[in-house]
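Peer 1: Got a structure for you, written out below as structure tokens; questions coming shortly.
Number of protein chains: 2
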Amino acid sequence: MATAYERIRDALRQDIRGGRPAPGQKLPSEVKLSERFRTSVPTVQRALAELEIEGLIDKRHGVGNFVREPRRRVLRDNSRHQWEKDRAREPETTRLETGATEHDTGLTASDLVFHAEYREATADEDLAAAFDVPVGTKLLQRTYRTHSREEDAPFDVAHSYLLHDLVAANPDLLDATKEPWPGGTQSQLFTVGIELDRVVERLTARPPTSEEAEELGIPRGVSVIVLRKTSIDSGGRVVEVADVALPGDRTELVFTTPLARW
Amino acid sequence: MATAYERIRDALRQDIRGGRPAPGQKLPSEVKLSERFRTSVPTVQRALAELEIEGLIDKRHGVGNFVREPRRRVLRDNSRHQWEKDRAREPETTRLETGATEHDTGLTASDLVFHAEYREATADEDLAAAFDVPVGTKLLQRTYRTHSREEDAPFDVAHSYLLHDLVAANPDLLDATKEPWPGGTQSQLFTVGIELDRVVERLTARPPTSEEAEELGIPRGVSVIVLRKTSIDSGGRVVEVADVALPGDRTELVFTTPLARW
DNA sequence: GAGTGGTCTAGACCACTGT
DNA sequence: CAGTGGTCTAGACCACTCC
Numbered sequence: 031m032a033t034a035y036e037r038i039r040d041a042l043r044q045d046i047r048g049g050r051p052a053p054g055q056k057l058p059s060e061v062k063l064s065e066r067f068r069t070s071v072p073t074v075q076r077a078l079a080e081l082e083i084e085g086l087i088d089k090r091h092g093v094g095n096f097v098r099e100p101r102r103r104v105l106r107d108n109s110r111h112q113w114e115k116d117r118a119r120e121p122e123t124t125r126l127e128t129g130a131t132e133h134d135t136g137l138t139a140s141d142l143v144f145h146a147e148y149r150e151a152t153a154d155e156d157l158a159a160a161f162d163v164p165v166g167t168k169l170l171q172r173t174y175r176t177h178s179r180e181e182d183a184p185f186d187v188a189h190s191y192l193l194h195d196l197v198a199a200n201p202d203l204l205d206a207t208k209e210p211w212p213g214g215t216q217s218q219l220f221t222v223g224i225e226l227d228r229v230v231e232r233l234t235a236r237p238p239t240s241e242e243a244e245e246l247g248i249p250r251g252v253s254v255i256v257l258r259k260t261s262i263d264s265g266g267r268v269v270e271v272a273d274v275a276l277p278g279d280r281t282e283l284v285f286t287t288p289l290a291r292w
Numbered sequence: 031m032a033t034a035y036e037r038i039r040d041a042l043r044q045d046i047r048g049g050r051p052a053p054g055q056k057l058p059s060e061v062k063l064s065e066r067f068r069t070s071v072p073t074v075q076r077a078l079a080e081l082e083i084e085g086l087i088d089k090r091h092g093v094g095n096f097v098r099e100p101r102r103r104v105l106r107d108n109s110r111h112q113w114e115k116d117r118a119r120e121p122e123t124t125r126l127e128t129g130a131t132e133h134d135t136g137l138t139a140s141d142l143v144f145h146a147e148y149r150e151a152t153a154d155e156d157l158a159a160a161f162d163v164p165v166g167t168k169l170l171q172r173t174y175r176t177h178s179r180e181e182d183a184p185f186d187v188a189h190s191y192l193l194h195d196l197v198a199a200n201p202d203l204l205d206a207t208k209e210p211w212p213g214g215t216q217s218q219l220f221t222v223g224i225e226l227d228r229v230v231e232r233l234t235a236r237p238p239t240s241e242e243a244e245e246l247g248i249p250r251g252v253s254v255i256v257l258r259k260t261s262i263d264s265g266g267r268v269v270e271v272a273d274v275a276l277p278g279d280r281t282e283l284v285f286t287t288p289l290a291r292w
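Residue numbers (the numbering used here), protein chains in the order written: chain A, 31 to 292; chain B, 31 to 292.
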């Protein structure tokens, strides 16, 4: 015999999967549900908490519980790096056409809202190790958020770090108002004579902190994929480190590993 | 002002981080905690539930709440595919030395407990699409679990699928008692004349189903990384599809993308 | 059987949102 | 202000584990 909250959870899940209520619509209030299922409000809340973690509902304090709308999915393929490299030296008109996020989402630039912030930072122990520079080295920290025009929640939140002295050779690279830079980071690095040799991505997944849940527009409990992208130039130097948080409920990552022939 | 359960959660977390109680040790009972914090048991439970999701404690019904022991971490690097390919044609003595899991964990074969199950299966819609064969095509389904001798919880649970008629050319490949096969799947495929051209890995992350939480030895709420590995041979055929579940609290994936030079 | 965590009640009061 | 969800109480009884 299943417990009360499991029965309620399963019943509501089946209703929602069947489109009742429809995505975006409000569920009956918790008091009404407790009456319908002849139980107490905390028991209903326990059932709803599990549906929230499954990403099926949004709880909105003082408003109600809502069926979550399906969100645009993002496929992030590692071929994006070569694709970006190929574009880095193209004329600006070509680079303007599409960026990496458009590439990932299949959206066009006009559907996307892009947000960038620049600030100076210094390398903590972690970043110093990643760049192989002394702690305290001056860095340029850039924060990126991209979302589609119809959704507030971003596809990702990225904190990208560059060696300040390396990119200062081109003052435009220190200027956030030049964003979105056509062609992206590889094109920016090209202006100071840098060519990438490879990109290393290291990732894991965990439940979000409450700040991440807020930022990525996911309910508590839905997983976050945390990814550190390290870009290495043709001289073997680490030239960019980016920490990216991706909402697990809308993101798929694809990595293709080519193998040498026998 | 923080809520009661947040205060309790934060206080207990700080204690645990400080080594009090030590990993593997029992926390005071929930009744004792409710007395210490002058609150009710359900409030203590709410605090403990959050610590469980963070992976900090294990709740064991009828026994107590325990500080979770740190678990051996696994770094799964996509260079493993080329590494396996290089080994596939080596003599058996070389292949016996180390397998991919030893490569990932830094453990030696004697530290690892390996478990394999074989059974025949037929392609459902999903697998049929992955292999590009008709629904109902006969497959060989292989289930793998590897864990270290000191831990029960596996590093991953993998369901690997091969086209039955393709591998039946070597009857040893249908025989689970031949596992662990020195050199792994690429070596097995080599015996029927297959050379891999590339490996495509597609992954996302989500909270575990209760079955996955059980199987992977993770508390409810800790994320699972779900990965589909597709192996494509030199003729462009899909020759293996593997669905792998990895516990997010112990797994890091590393993918290196080489870029063509300008 | 003793001790533990798991579920549940029937309320209370607080915090938030929208009118 | 009305209506909603968020937190909390002070118990009760059940289920599980170990002795």
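In this text, a Cβ means the ideal position worked out from N, Cα and C, and glycines have one as well.
Only a predicted model underlies this, so the values are computations on that prediction, with no experimental measurement involved.
Chain B partners of PRO288(A), CB-CB under 8 angstroms?
Peer 2: Near PRO288(A) (Cβ distances below 8 angstroms), the residues of chain B are ASP227 and ARG228.
Peer 1: May I have the straight-line CA-CA distance separating ASP182(B) from VAL269(B), to the nearest angstrom?
Peer 2: Approximately 31 angstroms between the Cα atoms of the pair.
Peer 1: Taking the continuous beta strand (DSSP E) assigned at THR124(B), which residues delimit it?
Peer 2: Element bounds for THR124(B): not the beta strand (DSSP E) but the alpha helix (DSSP H), 122-127.
Peer 1: Shorter than 8 angstroms from the beta carbon of SER264(A) to some beta carbon of chain B?
Peer 2: Yes, SER264(A) lies at the interface with chain B (some Cβ there is under 8 angstroms from its Cβ).
Peer 1: Can you tell which of ARG232(A), THR33(A), GLU120(A) and VAL93(A) has its C-alpha closest to the C-alpha of SER59(A)?
Peer 2: Among ARG232(A), THR33(A), GLU120(A) and VAL93(A), the Cα nearest to that of SER59(A) is on VAL93(A).
Peer 1: Restricting to Cα atoms, I'd like to know which of GLU150(B), ASP195(B) and LEU157(B) is closest to THR173(B).
Peer 2: Among GLU150(B), ASP195(B) and LEU157(B), the Cα nearest to that of THR173(B) belongs to GLU150(B).
Peer 1: Can you list the alpha helix (DSSP H) stretches of 4 or more residues lying completely in the segment 121-168 of chain B, in chain order?
Peer 2: Complete alpha helix (DSSP H) runs here, min 4: 122-127, 130-135 and 155-161.
Peer 1: Helix, strand or coil for PHE220(B)? Go by DSSP, reduced to three states.
Peer 2: If DSSP states are grouped into helix, strand and coil, PHE220(B) belongs with the helices.
Peer 1: Could you tell me whether the Cβ of SER253(B) comes closer than 8 angstroms to any Cβ of chain A?
Peer 2: So yes, SER253(B) belongs to the interface.
Peer 1: Determine the extent of the beta strand (DSSP E) in which PRO277(A) is found, giving its start and end residues.
Peer 2: Counting along the chain, the beta strand (DSSP E) containing PRO277(A) begins and ends at 268-277.
Peer 1: So the candidates are ILE46(B), ILE83(B), VAL61(B) and LEU42(B); which of them puts its Cα closest to the Cα of VAL254(B)?
Peer 2: Among ILE46(B), ILE83(B), VAL61(B) and LEU42(B), the Cα nearest to that of VAL254(B) belongs to ILE83(B).
Peer 1: Out of THR260(A), ALA275(A) and ASP279(A), which one is the CA nearest neighbour of VAL284(B)?
Peer 2: For the residues THR260(A), ALA275(A) and ASP279(A), the minimum Cα distance to VAL284(B) belongs to THR260(A).
Peer 1: Write down the C-beta distance between SER217(B) and ARG117(B) rounded to the nearest angstrom, noting that I regard them as a contact closer than 8 angstroms.
Peer 2: Between ARG117(B) and SER217(B) the Cβ distance is about 7 angstroms, and since that is below 8 angstroms, they are a contact.
Peer 1: Apart from the five residues on each side of it in sequence, which residues of its chain come closer than 7 angstroms, Cβ to Cβ, to LEU126(B)?
Peer 2: Excluding sequence neighbours, LEU126(B) sits near PRO212.
Peer 1: Assign VAL165(A) to one of two classes, buried (16 or more other C-beta atoms within 10 Å of its C-beta) or exposed (fewer than that).
Peer 2: With fewer than 16 other Cβ atoms within 10 Å, it is exposed.
Peer 1: Flag this pair as yes or no: are the beta carbons of VAL197(B) and VAL222(B) separated by less than 8 angstroms?
Peer 2: Yes; because the gap between Cβ atoms is below 8 angstroms, this pair is in contact.
Peer 1: Between ASP279(B), THR234(B) and VAL104(B), which has its C-alpha nearest ASP279(A)'s C-alpha?
Peer 2: Of the listed residues, the one whose Cα sits closest to ASP279(A) is THR234(B).
Peer 1: For GLU147(A), count neighbouring C-beta atoms within 10 Å of its own C-beta (all shown protein chains included) and say buried if the count is 16 or more, exposed if not.
Peer 2: Counting Cβ neighbours within 10 Å, GLU147(A) comes out exposed, since fewer than 16 surround it.
Peer 1: Excluding five sequence neighbours on each side, which residues of the same chain lie with their C-beta closer than 6 angstroms to the C-beta of ALA272(B)?
Peer 2: Within the same chain, ALA272(B) has close Cβ partners ALA188, SER190 and LYS259.
Peer 1: Identify, in the order they occur along the chain, each residue of the same chain with its Cβ nearer than 6 angstroms to the Cβ of GLU80(B), setting aside the five sequence neighbours on each side.
Peer 2: Same-chain partners within the cutoff: ARG39.
Peer 1: May I ask which residues mark the beginning and end of the beta strand (DSSP E) holding GLU282(B)?
Peer 2: Note, GLU282(B): beta strand (DSSP E), 281-288.
Peer 1: So, are the CB atoms of ARG236(A) and VAL252(A) less than 8 angstroms apart?
Peer 2: The answer is no: Cβ separation not under 8 angstroms.
Peer 1: Looking at the strands, I want to know which residues DSSP matches up with SER178(A).
Peer 2: LEU142(A).
Peer 1: So, does the CB of GLY10(B) fall closer than 8 angstroms to a CB anywhere in chain A?
Peer 2: Only positions 31 to 292 of chain B appear in the structure, and residue 10(B) is not among them; the question remains open.
Peer 1: Taking just the CA atoms, how far does ALA77(A) sit from GLN44(A)?
Peer 2: About 13 angstroms.
Peer 1: Between which two residues does the alpha helix (DSSP H) holding ILE38(A) run?
Peer 2: 34-47 is the extent of the alpha helix (DSSP H) around ILE38(A).
Peer 1: Could you please tell me which residues of the segment 96-109 of chain B, in chain order, have their CB closer than 7 angstroms to any CB of chain A?
Peer 2: Flagged, chain order: ASN108.
Peer 1: Whole angstroms is fine: what's the gap from ILE87(B)'s alpha carbon to PRO184(B)'s?
Peer 2: One C-alpha to the other measures close to 18 angstroms.
Peer 1: Compare the C-alpha of ALA159(B) against each of LEU193(B), SER140(B), LEU142(B) and ASP141(B) and name the closest.
Peer 2: Considering only alpha carbons, the answer is LEU193(B).
Peer 1: Please classify GLY265(B): is it buried, with 16 or more other beta-carbons within 10 angstroms of its beta-carbon, or exposed?
Peer 2: GLY265(B) comes out exposed.
Peer 1: Could you tell me the distance, in whole angstroms, from the CA atom of LEU105(B) to the CA atom of ASP134(B)?
Peer 2: The straight-line gap from Cα to Cα measures roughly 5 angstroms.
Peer 1: Quick check on this structure: which residue in VAL229(B), GLY136(B), HIS177(B) and GLU65(B) has the alpha carbon closest to the alpha carbon of VAL143(B)?
Peer 2: Ranking the options by Cα distance to VAL143(B), first place goes to HIS177(B).
Peer 1: According to DSSP, is ALA188(B) helix, strand or coil?
Peer 2: Reduced to three states, the DSSP call for ALA188(B) is strand.
Peer 1: DSSP three-state call for ARG110(A): helix, strand or coil?
Peer 2: Note: ARG110(A) maps to helix in three-state DSSP.
Peer 1: Considering only residues of the same chain and omitting the five flanking positions on each side of ILE262(A), which have a CB-CB separation below 8 angstroms?
Peer 2: Same-chain partners within the cutoff: LEU226, ASP227, ARG228, VAL229, VAL230, VAL268 and VAL269.
Peer 1: Which residues in the same chain have their Cβ closer than 7 angstroms to the Cβ of LYS115(B), if we skip the five residues on either side of it in sequence?
Peer 2: Result list for LYS115(B): GLN216 and LEU226, in chain order.
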